[in-house]
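Right, one structure below, let's go through it.
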Amino acid sequence: MEFSRLQIGRASPALVEELKVESYGAMTPLKSVASISIPDPTVIQIQPWDRNVLNAIETAIRAANLGLNPVNDGRVIRVPMPPLTQERRKELVKVVHQMEEQAKIAIRTARGNAHGAFKTLKENSAITEDDQRLAEKHLQEKVDKYNKDVEELSKKKDQEIMTI
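Counting in numbering that gives the first Met the number 0, the sequence shown runs from 0 upward without gaps.
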């Protein structure tokens with residue numbers, strides 16, 4: 000999960016470095032088309048290697064719905080971090096819970112794919128029924144572990160957002 004992209008009041012390159020920017024007809028991560036720096040704790044500064052992508056970078060930041068308002072001076076883009084209001088904190092907690100749910104859905108999808116593969120292997124007599132049950136048991140243990148990890152990360156991020 001990419002909780003590092005959530006803005007919690009201080010500037011971090013992780014907020015924007017993976018944003019997809021249209022550059023020469025291809026969608027490219029921002030970190031591949033620009034230098035990202037933190038001149039002070041509340042500002043992200045983005046200096047593209049080619050000024051032709053300035054507007055595309057600005058558009059990508061606005062479209063990311065991170066609550067950021069980039070300022071384009073024609074040479075660099077400065078992204079000031081707005082102070083977190085209680086309302087914005089609650090919105091961020093909701094985003095964290097959405098990300099948690101997306102991660103759990105991805106885990107369930109992977110589990111479903113693995114179950115299908117186990118079933119196919121058994122039908123093709125590549126594994127026995129006992130092997131299938133054992134594999135499914137191990138798979139469920141991993142699924143439970145990863146779901147617990149996701150929940151712990153989500154809870155930790157919730158606390159971080161609400162206490163800063």
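No residue lacks a Cβ here, since even glycine has one placed at the ideal position from N, Cα and C.
Residue interval of the alpha helix (DSSP H) (run including residue i)
i, result
"Met98", "85-122"
"Ile126", "Neither: Ile126 is in no alpha helix (DSSP H) and is coded neither H nor E."
"Asn54", "53-62"
Per DSSP, the bridge partner or partners of residue i
i, result
"Ala25", "Ser22"
"Arg77", "Gln44, Val70"
Close Cβ partners of residue i (< 7 Å) along its chain, the five nearest in sequence each way excluded
i, result
"Leu138", "Arg110, Ala113"
"Val52", "Val20, Ser22, Val32"
"Ile56", "Val20, Leu29, Ala33, Ile45, Pro47, Ile76"
"Glu135", "His114, Phe117"
With 16 other Cβ atoms within 10 Å as the buried cut-off, status of residue i
i, result
"Lys93", "exposed"
"Ser165", "Here the chain covers residues 0 to 163 and nothing more, so residue 165 does not appear."
"Ala105", "exposed"
"Ala62", "exposed"
Identity of the residue in the options nearest residue i by Cα
i, options, result
"Glu100", "Asp49, Thr41, Asp72, Val149", "Val149"
"Asn64", "Val15, Asn54, Ala25", "Val15"
"Asp49", "Gln85, Ala62, Thr58, Gly73", "Gly73"
"Gln158", "Lys89, Arg61, Ile60", "Lys89"
"Arg87", "Val42, Gly66, Thr119, Glu122", "Gly66"
"Pro38", "Pro79, Glu140, Gly24, Ile160", "Pro79"
Residues of its chain near residue i, where Cβ-Cβ distance is below 6 Å and the 5 sequence neighbours each way are ignored
i, result
"Val70", "Arg77"
"Met26", "Lys19"
Endpoints, beta strand (DSSP E) assigned at residue i
i, result
"Ile35", "33-39"
Near the ligand GTP: residue i beta-carbon under 8 Å from a heavy atom
i, result
"Leu67", "The ligand GTP is not part of the structure shown, which contains no ligands of any sort."
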